[in-house]
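Participant:
Number of protein chains: 2
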Amino acid sequence: MIAYFNGRFMEKDEIRISPDDRGFLFSDSLYEVIRYYPGLLFRPEAHIRRLNHGAAHLSLSCTDFSHLIPIARDLIRQNHLEDQDVLVYIQVTRGTAPRNHPFPDPTPDSTVYMNVTCFDPAAKDRQRKTGIHAITVPDIRWARCDMKTTGLTANVLASQQAIENGAREAIFIRDGVLMEGTHSNFMAVFDNTVTTAPLSNYILGGITRETVLGLCRDMDIRVAERPVYESRIHLASELMITGTTTEITPIGKLNGRAVGNGAPGPVAKALQAAFSSKIQQLQKQHPWFSPMKKGENSLKNSEKP
Amino acid sequence: MIAYFNGRFMEKDEIRISPDDRGFLFSDSLYEVIRYYPGLLFRPEAHIRRLNHGAAHLSLSCTDFSHLIPIARDLIRQNHLEDQDVLVYIQVTRGTAPRNHPFPDPTPDSTVYMNVTCFDPAAKDRQRKTGIHAITVPDIRWARCDMKTTGLTANVLASQQAIENGAREAIFIRDGVLMEGTHSNFMAVFDNTVTTAPLSNYILGGITRETVLGLCRDMDIRVAERPVYESRIHLASELMITGTTTEITPIGKLNGRAVGNGAPGPVAKALQAAFSSKIQQLQKQHPWFSPMKKGENSLKNSEKP
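As you go down the protein sequences, you meet chains D and W in turn.
Using my numbering, read the first sequence as starting at 1 and increasing by one per residue.
Using my numbering, read the second sequence as starting at 1001 and increasing by one per residue.
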C-alpha cells in the first residue's frame, strides 16, 4: 500500500519512524481518522480544522494542514481504492529531536504521516442494526480530551476492558457524568430529546457528533448539550454512540442492563436513515475521482523529493 | 552510537520504528531512564522492577525485562563509554499491529528499544549548587501517573511553560496538593521534616525519591509521606526536586517567590552530600566494567539475530 510521509509518497513498509520522533517518545503528536465512502471523502475540512486547532495548541511548527486533503484523495487514487470504503489515517508529531521534555530548539519540522486502509463496513452495519453492548468505566484520562493526541493509553485499556466484558465500547464517566466513549461520542435520549455532553476540555468535538446534532435540528428532534448523569441514565429511552466508523450505533445494553427493550429505538433509527441519505446525496454531488492526468499528483513542486 | 532493538545491537540510525507500532499510535508504551556514573549503573533492578510493574498492568507480552540489565552494561561497553556519565533510555511497547484500540489478537511481541547517550553533568551540578526556579501548574495528567508510560503530552507542555517563565521545572498541583514535577518528584521541608506526596496513582514512585527517603532515615532526618498543600507551601523552609538526572536539586524560587533566603538550605545540602558519598561508595564496590572476552556479549544465543 502506498502511504505518505514527510512530503513523499512511498510504500508503507518503507516508512521509518525515528526512535527520536517525539510522537514515539512523548506522544507529542495528533491524529485524525477520515472516512471515505466510495466517491466521497467525508468532511475532511472539519477534520483538518480540528487537527489545526490541536497543532496550534501544541505550537507545532506547522499549524495548517489543509494541504493534506488533496494528498488524501491522491493516496486513495494511487492505491486504486476509489470505489472502496476506506479509512484515511493522519498523524502529525512535533518532529524528531534529541530526547528532552520541552519543545526542541531549533524547532524541528513536524513529522507528517498518512495512510489509507480498506474498511469493511459489514461488521459495523450489523452493529448499527442490532445495537451493541457497552460498559461504563471511570474517566482516568487527562483534562485535555478536546485535543486528539496519541496519548491513548487510557482509551486502549478501557477498550480492552469492554472487549473482555463482551462489550464493544466503554463510556468514560467523570464526576458522575457520561462523557464519551473510547473512540466515539455518547448520546442519550430523554423525553425525545437527544442529550450529549457539551463541548469542553473533557470531550472530543466529534465530527460525526456535530453532523448528528445538525441532522437532529433539520429533523426537528430536540437537542440538549448538557451533562448526562449516571444517576439518571436508567431514565433514558435510547442510548447511542457516534463516530467516524461507528456513524450512529445504538447501545442495546449498558453494563448488562437492557436500554428500553434492548433493540434500536426510533430516534436512533431515524438518525441512521437521515445519515445514510445524507451520505448518498453527497456521494452523488462529489464525483471527484475522475482520473488524474498522467504524471499529475497532489504534491506541490516544492514538496517533491 | 550502537543501540539495542528487538534482540539486536545495531547502529541507532538504522533503527526503524514501524508506523504501526503501538508506541507511536497509542502511547501504548513504557520507558525508563537509568543513570550510569563511571563504573556504576545506578539501581537498574529498581528501574526494571518499575518497568515490569507497568508491563504487567498493561498486560504486555513480556512482563520481565531483567535481561535488559546486562544488555545496558554491554551497550555502554560497546560504545566505549565506561568512564563517561551516561543515560540509558529504555522503551518497550505493546508491539506492532494493524491500528485498533483493544489489545491486538494474536498478541504481538513487545518492541524493546534501548539507547545510551553521554550526559554532561556540569549544568545539573550548577543547578544543584545554586538552586533552580520552578513554577506550579494545574495537574491535567491522567490518573495513572504511577505507570511510566510515554503518554507525556501534559509533561511536555508544562515543561515548556516552565522554560517560557524562566524556570527549570513545573510542579503539578492536583486538588490543592503539590504532587510532583514533570520529570522529578517534589519534596518540602516543614519543621525539619522532609515531606513528600505519598505513593499513589497520582505520582511516579521515583527511584531517586526512594533513595533520598532512605538517606533521610539513615541520617535521622524526619520523613513524612503526606500531601504538601499549596496553601501551606509558604511555611516550608526548603523545597527540592529529586530525579535520575536531577538527583537532589533545591528550588530557590517558586512562582517567582524566594524559598527561605533563596539559597540551598541545610537539609538539601546534607542530602546532596550523602547522595554523592553513596554514589562514590557504590562506584568503588562495582568495578563491573572489566573487558569482556572477545566475541562475548550479553545476548543469549536465542536472541542473536
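We put the beta carbon where it would ideally sit given N, CA and C, even for glycine.
Note that the coordinates shown come from a computational prediction; the quantities given were computed from them, not determined experimentally.
Would you kindly work out how many angstroms separate the C-alpha atoms of L282 (chain D) and R77 (chain D), rounded to a whole number?
Facilitator: Start at 1 with the first residue of the first sequence, and residue 282 (chain D) comes out as number 282. Start at 1 with the first residue of the first sequence, and residue 77 (chain D) comes out as number 77. In this model, L282 (chain D) and R77 (chain D) are separated by some 19 Å (Cα to Cα).
Participant: Output yes if chain D places a C-beta closer than 9 Å to the C-beta of Q1127 (chain W); else output no.
Facilitator: Sequence index remark: in the second sequence, residue 1127 (chain W) carries index 127 (1-based). Q1127 (chain W) does not count as touching chain D.
Participant: With a threshold of 9 Å between beta carbons, is M10 (chain D) in contact with chain W?
Facilitator: One-based indexing of the first sequence puts residue 10 (chain D) at position 10. It does not: the Cβ of M10 (chain D) has no partner Cβ on chain W nearer than 9 Å.
Participant: Figure out for me which residue from D:A236, D:L239, D:V212, D:S200 has the closest Cα to the Cα of W142 (chain D).
Facilitator: As a first step, residue 142 (chain D) must be located in the first sequence, where it is residue number 142. When each option's Cα is compared against that of W142 (chain D), the closest is D:S200.
Participant: Give me whichever residues DSSP pairs with S29 (chain D) in a beta bridge.
Facilitator: Indexing the first sequence from 1 puts residue 29 (chain D) at position 29. For S29 (chain D), which the question treats as bridged, DSSP gives the partners D:T93.
Participant: Just the chain W side, please: which residues come within less than 7 Å of A143 (chain D) by C-beta, in chain order?
Facilitator: In the first sequence, residue 143 (chain D) corresponds to position 143, counting from 1. Simply I1140.
Participant: So A154 (chain D) contacts chain W; which residues on that side make the cut at Cβ distance below 7 Å?
Facilitator: Here the question's residue 154 (chain D) lines up with position 154 in the first sequence. Result: W1142.
Participant: Rounded to a whole number of angstroms, what is the C-alpha to C-alpha distance between A995 (chain W) and D1220 (chain W)?
Facilitator: Nothing about residue 995 (chain W) can be reported from this structure: the residues present for chain W run from 1001 to 1305 only.
Participant: Within a Cβ cutoff of 7 Å, which residues of the same chain sit near E1052 (chain W), ignoring the five residues on either side of it in sequence?
Facilitator: Position 52 of the second sequence, counted from the start, is the residue given in the question as residue 1052 (chain W). Looking at the sequence itself, residue 1052 (chain W) is Asn, so the reference to Glu does not match. The answer, listed in chain order, is T1063, D1064, F1065.
Participant: What's the call for A134 (chain D), buried or exposed, on a 16-neighbour Cβ count within 10 Å?
Facilitator: Residue mapping note: residue 134 (chain D) aligns to position 134 of the first sequence, counting from 1. Flag for A134 (chain D) reads buried.
Participant: For F1275 (chain W), which residues from the same chain have a beta carbon less than 8 Å from its beta carbon, with the 5 sequence-adjacent residues on both sides left out?
Facilitator: One-based indexing of the second sequence puts residue 1275 (chain W) at position 275. Contacts found: T1211, V1212, L1215, E1247, I1248.
Participant: Alpha carbon to alpha carbon, what distance is there between V1116 (chain W) and L1075 (chain W)?
Facilitator: As a first step, residue 1075 (chain W) must be located in the second sequence, where it is residue number 75. As a first step, residue 1116 (chain W) must be located in the second sequence, where it is residue number 116. Each residue's alpha carbon lies about 7 Å from the other.
Participant: Please say whether P1250 (chain W) and T1131 (chain W) have beta carbons closer to each other than 9 Å?
Facilitator: What you label residue 1131 (chain W) is simply residue 131 of the second sequence in a count that begins at 1. What you label residue 1250 (chain W) is simply residue 250 of the second sequence in a count that begins at 1. In the sequence under discussion, the amino acid at residue 1131 (chain W) is Gly, which differs from the Thr named in the question. Yes, they are a contact pair.
Participant: If you check the beta carbons only, do S29 (chain D) and V92 (chain D) fall under 9 Å apart?
Facilitator: Residue 29 (chain D) sits at position 29 when you count from the first residue of the first sequence. Residue 92 (chain D) sits at position 92 when you count from the first residue of the first sequence. Yes, the pair counts as a contact, with Cβ atoms nearer than the cut-off.
Participant: Going by beta carbon distance, what residues of the same chain come within less than 8 Å of S1061 (chain W), once the five residues before and after it are set aside?
Facilitator: By 1-based counting over the second sequence, the position of residue 1061 (chain W) is 61. Same-chain partners within the cutoff: R1094, G1095, T1107, P1108, D1109, S1110.
Participant: Considering only residues of the same chain and omitting the five flanking positions on each side of M1240 (chain W), which have a CB-CB separation below 7 Å?
Facilitator: For this step, residue 1240 (chain W) is matched to residue 240 along the second sequence. M1187, I1248, T1249, P1250, I1251, A1268, listed in sequence order.
Participant: Can you pull the chain W neighbours of I15 (chain D), defined as C-beta to C-beta under 9 Å?
Facilitator: Numbered from 1 along the first sequence, position 15 holds the residue referred to as residue 15 (chain D). Those within 9 Å of I15 (chain D) in chain W are R1016, S1018, P1019.
Participant: From the beta carbon of P98 (chain D), is the nearest beta carbon of chain W less than 9 Å away?
Facilitator: Within the first sequence, numbered from 1, the residue matching residue 98 (chain D) stands at position 98. At least one chain W Cβ lies under 9 Å of P98 (chain D).
Participant: Among W:A1123, W:D1218, W:K1253, which has the Cα closest to the Cα of I1233 (chain W)?
Facilitator: Translated into positions along the second sequence, residue 1233 (chain W) becomes position 233. When only C-alpha atoms are compared, the closest one is W:K1253.
Participant: Hey, is the stretch 147-156 of chain D in contact with the stretch 1149-1161 of chain W, meaning 3+ C-beta pairs nearer than 8 Å?
Facilitator: yes
Participant: Kindly indicate which residue of W:F1042, W:K1012, W:P1102 has the alpha-carbon position closest to the one of S1027 (chain W).
Facilitator: Sequence index remark: in the second sequence, residue 1027 (chain W) carries index 27 (1-based). Minimum Cα distance to S1027 (chain W) is reached at W:P1102.
Participant: Determine, using beta carbons only, whether Y113 (chain D) comes closer than 9 Å to chain W.
Facilitator: The residue you call residue 113 (chain D) lines up with position 113 of the first sequence. Interface residue, yes.
Participant: Find the nearest neighbour of T1196 (chain W) within the set W:E1011, W:G1023, W:M1179, W:G1166, judged by alpha-carbon distance.
Facilitator: In the second sequence, counting from the first residue as 1, residue 1196 (chain W) sits at position 196. Ranking W:E1011, W:G1023, W:M1179, W:G1166 by Cα distance to T1196 (chain W) puts W:M1179 first.
Participant: If you count every other CB in all the chains shown that lies within 10 Å of the CB of S18 (chain D), and 16 or more means buried, which is it?
Facilitator: Locating residue 18 (chain D) in the first sequence gives position 18, counting from the first residue. Its Cβ being crowded by 16 or more others within 10 Å, S18 (chain D) is buried.
Participant: As a quick exercise: from D:A273, D:T245, D:Q280, pick the residue whose alpha carbon is nearest that of A123 (chain D).
Facilitator: The count along the first sequence starts at 1 and reaches residue 123 (chain D) at position 123. Shortest Cα-Cα distance from A123 (chain D) to any of D:A273, D:T245, D:Q280 involves D:T245.
Participant: How big is the Cα-Cα spacing for S1290 (chain W) and I1034 (chain W)?
Facilitator: The residue you call residue 1290 (chain W) lines up with position 290 of the second sequence. The residue you call residue 1034 (chain W) lines up with position 34 of the second sequence. Confidence in S1290 (chain W) is poor, its pLDDT being 47 and thus under 50, which makes the residue's placement unreliable; the coordinate value appears in the next sentence. Taking the straight line joining both Cα atoms gives about 20 Å.
Participant: Straight-line CA distance for N192 (chain D) to A1236 (chain W)?
Facilitator: Here residue 192 (chain D) corresponds to residue number 192 of the first sequence, with the count starting at 1. Here residue 1236 (chain W) corresponds to residue number 236 of the second sequence, with the count starting at 1. If I take the Cα positions, the gap works out to 57 Å.
Participant: Kindly indicate which residue of D:L58, D:Y31, D:Y36 has the alpha-carbon position closest to the one of I48 (chain D).
Facilitator: In the first sequence, counting from the first residue as 1, residue 48 (chain D) sits at position 48. Residue D:Y31 is the option with its Cα nearest to I48 (chain D).
Participant: According to DSSP, is A1167 (chain W) part of a helix, a strand, or is it coil?
Facilitator: Reading the second sequence from its first residue, position 167 is the one you call residue 1167 (chain W). A1167 (chain W): coil per DSSP, three-state reduction.
Participant: Nearest to E225 (chain D) by alpha carbon, out of D:A158, D:F190, D:G256, D:T136?
Facilitator: For the purposes of this step, residue 225 (chain D) is taken as the residue at position 225 of the first sequence. Checking every option, the nearest Cα to that of E225 (chain D) belongs to D:F190.
Participant: Under the three-state reduction of DSSP, which class applies to V177 (chain D): helix, strand or coil?
Facilitator: The residue you call residue 177 (chain D) lines up with position 177 of the first sequence. Reduced to three states, the DSSP call for V177 (chain D) is strand.
Participant: Return no unless some Cβ of chain W is closer than 9 Å to the Cβ of A3 (chain D).
Facilitator: Translated into positions along the first sequence, residue 3 (chain D) becomes position 3. Cβ-Cβ to chain W under 9 Å: yes for A3 (chain D).
Participant: I want to verify the contact list: residues of chain D whose CB lies under 9 Å from the CB of I1241 (chain W), in sequence order.
Facilitator: Taking the first residue of the second sequence as 1, we reach residue 1241 (chain W) at position 241. Going along chain D, no residue has its Cβ under 9 Å from I1241 (chain W), so there is no contact; the nearest lies around 13 Å.
Participant: From Y1036 (chain W) to P1070 (chain W), what does the alpha carbon distance come to, in whole angstroms?
Facilitator: Here residue 1036 (chain W) is taken as the residue at index 36 of the second sequence, counted from 1. Here residue 1070 (chain W) is taken as the residue at index 70 of the second sequence, counted from 1. One C-alpha to the other measures close to 13 Å.
Participant: In the DSSP assignment, find the alpha helix (DSSP H) that holds L282 (chain D) and state where it starts and stops.
Facilitator: Here residue 282 (chain D) refers to the residue found at position 282 of the first sequence. In this chain, the alpha helix (DSSP H) harbouring L282 (chain D) covers 266-285.
Participant: Closest Cβ-Cβ distance between T208 (chain D) and chain W: below 9 Å?
Facilitator: For the purposes of this step, residue 208 (chain D) is taken as the residue at position 208 of the first sequence. Taking Cβ atoms only, chain W never reaches closer than 9 Å to T208 (chain D), which makes this a no.
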